[in-house]
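Q: Chains as they are written, first to last, in the UniProt record's numbering: chain A, 1 to 417; chain B, 1 to 417. From the three backbone atoms N, C-alpha and C, an ideal C-beta is built for every residue, glycine too. Below are the structure tokens for one structure; questions will follow.
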């Protein structure tokens, strides 16, 4: 009997959990990703704000699966999936045949039909995204230092984060700290109180997925860091040198997008039904309707919980789904997925966080400590944990952001921003 | 009396030493660089071979000079120097007036007139260079893993370093370790003994600046790491998929250039006489002939020692020259520069190095320990020292290279290499 070939596309939290869940199964696992590294996305905003180095939150997929002998890793971009022939086609024309397929290709930013905004308001989903945002933020500070016109200097010192979910809140808090505290002694012309950070949200409150009480605490905490929160106001326009919100024009050269996501084109590859965000409407066992061979998990899948609410696009959902699919493949039967919700966390700046664990709701310093511990614990790879822990301690004690490198792109003075 | 304005162009070892040397002087220092960070270039090959992260060998210039109140830092590209008006012109049209000018703009690679080779054989002088080389090397391994044709696979597993100075020797040793040891357990199709590393040198021996005896030891050590050393053979051709040397064609997709350097265009800016490598022929006091206001130091300057040998392009020369220029500016007199040679170091792989300190010549493990200590000691910034020390220890103990990220550039499978 030949071994079943399980192909997993995407080495995020979901895909990796599926691969690991099959470690002892008599199957051949092929994990395909277009990056060579698994990325710990919840900490990506720290790379974008120069607190951590890329290598500290990313580990080569090969190293993670080094000792799993039934798994091989393929670096490649999916061009399409042939359901009849049971093959994944890669862009370099490689063909990977499967008996079971797990699609875990995640999501990208969505600009709600305004793709022209992408140029001025980059999001952060990949390492390259994060270093580009870091470059943008640090260059704005450099330009502010040499700019002599007060209005133009103020524009360089104005930072706007669009979207007040956990990423947006964390990002705004981190930028406020970077611009106000960490760099204050390094510049001669600009002073900490010159900078302005805006957090713009279309909905009525920040952290909409959290209980209202924690939302309010989070808002108070970021406002205390000096962030101006504009809720109930969808952004109206984004250009190279300003945004418009609530009928008001805010001059800025550094806008960061943390508002919407759009699933990867997996639904198109599979010709499957999708929701508005492009997520595949999966069965309760995470199977793609019309086949028993293909599963979709994580940000690629849309599934409602027992209360009819769509499961959020967070790491725990993807991980549990990956594990669940592995179990079904091993047991060769269909089992409905149930999400075990351990709670929600978001951090705000140096020593504040909010945690929602159902009955247990925390905010403030204790929540922040819990947040740190949880993130370091979940980081893949022992070396990264150690290193991130050391960096945080160092940043915390010194207010110093060590990874403040402007890299990539053309030479700085040729930049438009 | 107005304070003298000292403008320093370039924040490498020389420029930074000059700025720091003026810390207590009653002058206004402006340090101009096109990067926001000072780079510890001697360890750049470790970034290129995934041993260290960029932020571990680079520190923001602003942070380094944070407490030096008479210094300001300007991020900018020099467009030209107007000697009559005593002004440095930047590309963004900013004009920086000077009373004294120190030119410390370093060097770039030189392809000896074959600039078409640059595309296929990148050198490593900047962080972006190093991450590009890292990308090239890691992608070659990825392609080898999926390639089924044996000859083409071998080409992906063949790495060529051109130039056997310290950088070339260190690079070849590090690639041999990366390809043979660090990644061996991570891949399924390729095995450690498949890979080939060539070190190509036009001169008769490796490490030409070292005594012959140490050269021989270094050669033996890198050969023991599995590197094939081809001395006395200038490279004849470099193309996308091969190089030609000694009439023989070697198929490869990863060529790294460590052969020649060319000074920055400072001589042209100043309309000063230069040697073949573009270095300004300075006076014994490091002044540019025809003026008492301008100095050139480090890789930008050509100066012979008392034996008539041109001073090498290494960090200690640049540092001592920077300090020397600062002293002359403070004392307002011309003092001939004398290089104090503390010795030469080069490392080969995990626990070998050669050290030449005149009468004291070391090789092997003790030399390697000395090399590590010296490099960690000279790293700018305490945090970096700690972090690099920890990384090295970790890499040493585990054979693991933690910074193996493929970043930047288009999606991997669209790549030609």
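1. Using a C-beta to C-beta distance shorter than 8 Å, which residues of chain B count as neighbours of residue 142/A?
2. Using a beta-carbon distance cut-off of less than 9 Å, what residues from the segment 186 to 209 of chain A approach chain B?
3. Among 242/A, 238/A, 198/A and 247/A, which has the Cα closest to the Cα of residue 224/A?
4. Can you give me the C-alpha to C-alpha distance between residue 239/A and residue 210/B, rounded to a whole angstrom?
5. Within 10 angstroms of its Cβ, does residue 170/A collect 16 or more other Cβ (buried), or is it exposed?
6. Taking Cβ positions only, does residue 97/B come closer than 7 Å to chain A?
7. In chain B, which residues lie with their C-beta within 8 Å of the C-beta of residue 60/A?
8. What would DSSP say about residue 363/A, mapped onto helix, strand or coil?
9. Since residue 62/B and residue 28/B should fall inside the 8 Å C-beta cutoff, what is the C-beta to C-beta distance between them, to a whole number of angstroms?
10. To which residues of the same chain is residue 213/A closer than 8 Å at the C-beta, ignoring the five residues directly before and after it?
11. Which class does residue 189/A belong to by DSSP, given the choice of helix, strand or coil?
12. Helix, strand or coil: how does DSSP classify residue 285/B here?
13. Residue 127/A versus chain B: which residues are under 7 Å apart at the beta carbon?
14. Anything in the segment 136 to 168 of chain A with a Cβ closer than 7 Å to a Cβ of chain B? List those residues in chain order, please.
15. Residues in the same chain with beta-carbon distance under 6 Å from residue 407/A, minus the five sequence neighbours each way, listed in chain order, please.
16. At 9 Å on the CB atoms, spell out the chain A contacts of residue 215/B, in chain order.
17. Under a CB-based cut-off of 7 Å, is residue 54/B close to chain A?
18. Going by C-alpha distance, which of 335/B, 296/B, 329/B and 331/B is nearest residue 318/B?
19. By Cβ distance, which residues of its chain are closer than 6 Å to residue 259/B, with the 5 residues on each side in sequence left out?
20. Strictly below 9 Å CB to CB, what residues from chain A border residue 5/B?
21. For residue 264/B, go through chain A and note every residue whose CB falls closer than 9 Å to its CB, in chain order.
22. Which of the three DSSP states, helix, strand or coil, is assigned to residue 68/A?
23. Once you ignore the five residues that flank residue 3/B on each side, which residues in its own chain have a CB closer than 7 Å to its CB?
24. Along the segment 350 to 374 of chain B, where does the CB come closer than 7 Å to a CB of chain A? Name the residues.
25. On the CB-based measure, 16 or more other CB atoms within 10 Å of its CB, does residue 444/B come out buried or exposed?
26. Give, in chain order, every residue of the segment 281 to 301 of chain B whose Cβ lies closer than 9 Å to some Cβ of chain A.
27. What is the C-beta distance between residue 81/A and residue 88/A, in whole angstroms, given that I count them as a contact (C-beta under 8 Å)?
28. Per the contact definition of three or more C-beta pairs closer than 8 Å, is the segment 137 to 150 of chain B in contact with the segment 257 to 272 of chain B?
29. Any Cβ of chain A within less than 7 Å of the Cβ of residue 8/B?
30. In chain order, what residues of the same chain lie with their CB nearer than 6 Å to the CB of residue 382/B, ignoring the 5 residues before and after it?
31. Quick check: is the beta carbon of residue 72/A nearer than 7 Å to any beta carbon in chain B?
32. Would you say residue 134/B faces chain A, with C-beta separation under 7 Å as the test?
33. Residue 342/B to residue 168/B, Cα distance in whole Å?
34. Tell me, please, whether the CB atom of residue 108/B is closer than 7 Å to any CB atom in chain A?
35. I'd like to know whether the C-beta atoms of residue 157/A and residue 200/A end up nearer to each other than 7 Å.
36. What is the residue span of the beta strand (DSSP E) that residue 295/A lies within?
A: Looking at the coordinates:
1. 36 and 75
2. 186, 187, 188 and 189
3. 198/A
4. 57 Å
5. buried
6. no
7. 186, 404 and 405
8. strand
9. 16 Å between Cβ atoms; not a contact.
10. 361
11. coil
12. coil
13. 405 and 407
14. 138, 142 and 146
15. none
16. The contacting residues do not exist; residue 215/B stays about 34 Å from chain A at best.
17. yes
18. 296/B
19. 162 and 163
20. None at all; the shortest Cβ gap to chain A is about 14 Å.
21. Those do not exist, as residue 264/B stays about 13 Å from chain A at its closest Cβ, beyond 9 Å.
22. coil
23. 26, 27 and 28
24. none
25. Nothing can be reported for residue 444/B: it is not among the residues displayed for chain B, which extend from 1 to 417.
26. none
27. 5 Å
28. no
29. no
30. With a pLDDT of 49 at residue 382/B, under the threshold of 50, the predicted position of this residue should be treated as unreliable, though the coordinate-derived value follows. Closer than 6 Å at Cβ, skipping near neighbours: no residue.
31. yes
32. no
33. 22 Å
34. no
35. no
36. 294 to 296
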